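Position 143 of the sequence shown, counting from 1, maps to 130 under this note's numbering, and the rest follow consecutively.
The C-beta atom is built at its ideal place from N, Cα and C for all residues, glycine as well.
Since the model is a prediction, treat every value here as computed from it, not as a measurement.
I have placed the structure first, in the form of structure tokens, so that the comments after it can refer back to it.
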Amino acid sequence: MGAYAETYRQSLTDPEGFWLDAANAVEWEQAPTRALDDSAAPLYRWFPDGVLNTCFNALDRHVRDGRGEQPALIWDSAMTGTVRSFTYRELLERVALFAGALRAQGVARGDRVVLYLPMIPEAVVAMLACARIGAVHSVVFGGFAPRELAARIDDARPKLIVAASCGLEPNRIVEYKPIVDEALRLAEHQPERVVVFQREQARAELGPRDVDWNDALAQAEPAECVPVRATDPLYVLYTSGTTGRPKGVVRDNGGHAVALRWSMANIYDIGPGEVFWTASDVGWVVGHSYIVYAPLLTGATTVVYEGKPVGTPDAGAFWRVIAEHRVKALFTAPTALRAIKRMDPKGELLAEHDTSSLRTLFLAGERLDPETYHWASDQLGVPVVDHWWQTETGWPVCANLRGLEPMPIKPGSPTVPVPGYEVAVLDQAGRPVPPGADGAICLKLPLPPGTLPTLWGDDERFRESYLSRHPGYYLTGDNGYVDADGYVFVMGRTDDVINVAGHRLSTGSMEAVLAAHPAVAECAVIGVHDALKGQVPRGFVVLKSGVDIAEETLREELVAAVRAEIGPVAAFRDVAVVDGLPKTRSGKILRKAMREIADTGDTRVPSTIENPTVLDRLRPALRGDR
Ligand code: COA
Ligand code: AMP
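This is the structure we're talking about:
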């Protein structure tokens, strides 16, 4: 039996032994004597009697063990032309001091802190500082608009917000502070303070409740690590669900540290002292796990990159970063590769850089289309590894485990289930389907350590969203199949979540914005295929009778409304005025049929449809004809 098969078998037959053993890679204040707590099944907890501090494991222990002078974090900002390196000792000093500043502002163990920060070292400092004092961070991605930020503030109810004065996009400076101010105007919950990190590109005006980051530091003493229970929350990260209301995915301390440590060695094949670069954003789970926590828990060097794959300054930006920092593995989203390929199809810019340090390219966040896979592997000449996971799981569910036992790659598949995860493909009735047959991808409970124990303050929604459809299983929301060799193929979502340039968004929240326009009677938003971004949203609106508005004006207003209410990251630019939407006899809009027509030109008529002629009239708009 190979290393993968043996490890996988052990993880499922003896999870207790397997995870207690993996837990030895973490330093505990009080080592756990038990792995799984199933006393509240189907809600599970890991390492119920363990006590630790995540920040201690990410920083202090490495300094103590002689890594103090090794780079912990390299900040490479293509936006400002800056490169700065921080050793473990320097990062620890900054984190301890900012933790002291948070404490001086009244933040205590268990309090939430919302972070609204771009890709600057202070984002990592603020996250780890929260972890250090047992506070719970909730990072909000900078591309979201005030209303989305307000929704997260109201749900997390933070004691404090930490924001930067601005973020930098290639075409503009995004002033963050006015976004925070507007969000606080919209929010019911009011935090006591907003700590503002001033960037030179656009300094923010500070109001009565605002504190300048440097002033906060000036009054602070470095804070020591606060031991917390393994089951205490480390962070809450909001992600899009089917409805407009975001879901607060909870991550604990103990299971998270154990799982991420295990994944670095066994999946990513990264050890202490090696350079790992995840080109994502700290606002997404990929950034939480693989820019911040996993590389630092491992004692590796993480690259924090502020910039885009193309245009900063050109499509060779990624290759420059790999060459300059001797990156061993890069993790990004397929869309970034498609953007590079579009600008530099023959890899001429790649040839200008020495990327010989690169051993593996990891891709996730959306389906890796075989064309992009082949292009990237031909150009780079290293294994291009697709792997599949989601905000909820926090670390890969399916992967080609490069550190444990590399396997042959099948384009289109993220390879095999990772130890700890039992993947099942189920039909509508909850029965496992045979190899090759399509179905809902589910994970048998309990999920392994590091995955979400619940949703923030809402066990009921957790059960309803994930556990109730097929009892005994967690519903991933993706569909796909497993082939005869056990390779998993993930084909797309079964719900109204879409994935735009690797960014997860809810079409339901876009529909809510369109429906609020006074001229709109009803609407639908679906994700349609896009050659660069994988998917983009397309809206369809039916006007109220008697409304007199020019179609072009209405379109502009709707596009502007989605940008203002959800944010530029929604990339909502395409909306058609139609005379009806296809519905079932019970009045439900047939979004699935609409998606299929848009993507494949499918000519079938669903048997449940009430109004087939409406669907026929809609076909050109679904296909994008104007
Ligand atoms: N703060 C403020 N605005 C932001 C932002 C942020 N952090 N991130 C994105 N935006 C804005 C962009 O400026 C853009 O605005 P515009 O409409 O004025 O141009 C809009 O949101 C859409 O951004 P994006 O999706 O990044 O599209 P793009 O056309 O600028 O770039 C790619 C396309 C493919 C190059 C880019 O999406 C990319 O690098 N993707 C990688 C995805 C990724 O890292 N995913 C994380 C999961 S692994
Ligand atoms: P997020 O929670 O933002 O990480 O998005 C998770 C969703 O992105 C998954 O449920 C999938 O729909 C999609 N996804 C992520 N990685 C992959 C992948 N490798 N292949 C196919 N889909 C993916």
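Taking the C-alpha atoms as reference points, what is the distance between residue 419 and residue 409?
-> Whole-angstrom Cα-Cα distance: 12 Å.
Sort out for me which residues DSSP pairs residue 153 with in a bridge.
-> Beta-bridge pairing links residue 153 to 162.
Closer than 6 Å: is that where the CB of residue 295 sits relative to any heavy atom of the ligand COA?
-> Yes.
Going by CA-CA distance only, name the one from 309, 337, 325 that's closest to residue 346.
-> Residue 309 is the option with its Cα nearest to residue 346.
Just grab the DSSP bridge partners of residue 404 for me.
-> Residue 404 pairs with 385.
Using the C-alpha atoms, what's the distance from residue 585 back to residue 348?
-> So the alpha carbons of these two residues sit roughly 32 Å apart.
Contacts around residue 305, its chain only, beta-carbon distance under 8 Å, and the 5 residues preceding and following it disregarded = So the list reads 266, 296, 317, 319, 323, 327, once near-sequence residues are dropped.
Quick one: measure Cβ to Cβ for residue 460 and residue 430, integer angstroms, because I've assumed they're closer than 8 Å.
-> Rounded, the Cβ-Cβ distance is 6 Å, consistent with contact.
Roughly how many angstroms separate the alpha carbons of residue 550 and residue 496, rounded to a whole number?
-> Cα-Cα distance, rounded: 12 Å.
Neighbour-count burial assignment, residue 37, 16 or more Cβ in a 10 Å radius = Buried: at least 16 other Cβ atoms inside 10 Å.
Straight-line Cα distance separating residue 499 from residue 567 | The straight-line gap from Cα to Cα measures roughly 18 Å.
At least three beta-carbon pairs within less than 8 Å, the region 386 to 397 to the region 448 to 468 | Touching, no, given that fewer than three Cβ pairs across the two stretches are closer than 8 Å.
Rounded to the nearest angstrom, how far is the Cβ of residue 531 from that of residue 474, given a contact under 8 Å?
-> Going by Cβ atoms, the distance from residue 531 to residue 474 rounds to 50 Å, so no, they are not a contact pair.
Top-ranked residue by Cα proximity to residue 449, from 237, 135, -12 | Closest in alpha carbon position to residue 449, among 237, 135, -12, is 237.
Got a sec, what are the start and stop residues for the alpha helix (DSSP H) residue -3 sits in?
-> Here the alpha helix (DSSP H) through residue -3 covers -10 to 0.
List the DSSP bridge partners of residue 293.
-> Under DSSP, residue 293 forms a beta bridge with 64.
Start and end of the alpha helix (DSSP H) containing residue 427?
-> Following the DSSP letters along the chain, one finds residue 427 in no alpha helix (DSSP H) but inside the beta strand (DSSP E) bounded by residues 426 to 431.
Excluding the 5 residues preceding and the 5 following residue 404 in the sequence, name in chain order all residues of the same chain whose CB lies nearer than 6 Å to its CB.
-> These residues qualify, in order along the chain: 385, 410.
Residue 21 - DSSP class collapsed to helix/strand/coil = Of the three classes helix, strand and coil, the one that applies to residue 21 here is coil, per DSSP.
From residue 417 to residue 203, what does the alpha carbon distance come to, in whole angstroms?
-> Residue 203 has its alpha-carbon roughly 54 Å from the corresponding atom of residue 417.
Hey, is residue 352 close to the ligand AMP, as in C-beta under 6 Å from one of its heavy atoms?
-> Yes.
Residue 312, enclosing alpha helix (DSSP H) - first and last residue = Boundaries of the alpha helix (DSSP H) harbouring residue 312: 304 to 312, taken from the DSSP string.
Could you please give the first and the last residue of the uninterrupted beta strand (DSSP E) stretch that includes residue 512?
-> Residue 512 -> beta strand (DSSP E) spans 507 to 517.
If you draw a straight line from the C-alpha of residue 564 to the C-alpha of residue 528, how long is it?
-> Distance between the alpha carbons of residue 564 and residue 528: 5 Å.
Residue 322: beta carbon under 6 Å from a heavy atom of the ligand COA?
-> Yes; taking the cut-off as 6 Å, the Cβ of residue 322 has a heavy atom of the ligand COA nearer than that.
Sorry if obvious, but does the Cβ on residue 486 come closer than 6 Å to a heavy atom of the ligand AMP?
-> Yes, since a heavy atom of the ligand AMP falls inside the 6 Å radius drawn around the Cβ of residue 486.
Would you mind sorting residue 151 into buried or exposed? The rule is 16 or more other CB atoms within 10 Å of its CB.
-> By the neighbour-count rule (16 or more Cβ atoms within 10 Å), residue 151 is buried.
Per DSSP, what kind of secondary structure is residue 271 in: helix, strand or coil?
-> Coil, per DSSP.
Would the C-beta of residue 170 count as close to the ligand COA, meaning under 6 Å from any of its heavy atoms?
-> Result no, Cβ not under 6 Å from the ligand COA.
Per DSSP, which one or two residues make a beta bridge with residue 318?
-> Secondary-structure assignment with DSSP links residue 318 through a beta bridge to 265, 349.
Start-end ranges of the beta strand (DSSP E) lying completely within the region 24 to 61, minimum 3 residues = List check, beta strand (DSSP E) in window: 30 to 33.
Own chain, CB closer than 7 Å to residue 250, minus 5 neighbours either side, in chain order | Once the five neighbours on either side are set aside, the close Cβ partners of residue 250 are 281, 382, 383.
Proximity below 7 Å, CB of residue 126 to CB of residue 270 | Taking 7 Å as the Cβ cut-off, residue 126 and residue 270 qualify as a contacting pair.
DSSP puts residue 546 in a beta bridge; with which residues?
-> Its beta-bridge partners do not exist; DSSP assigns none.
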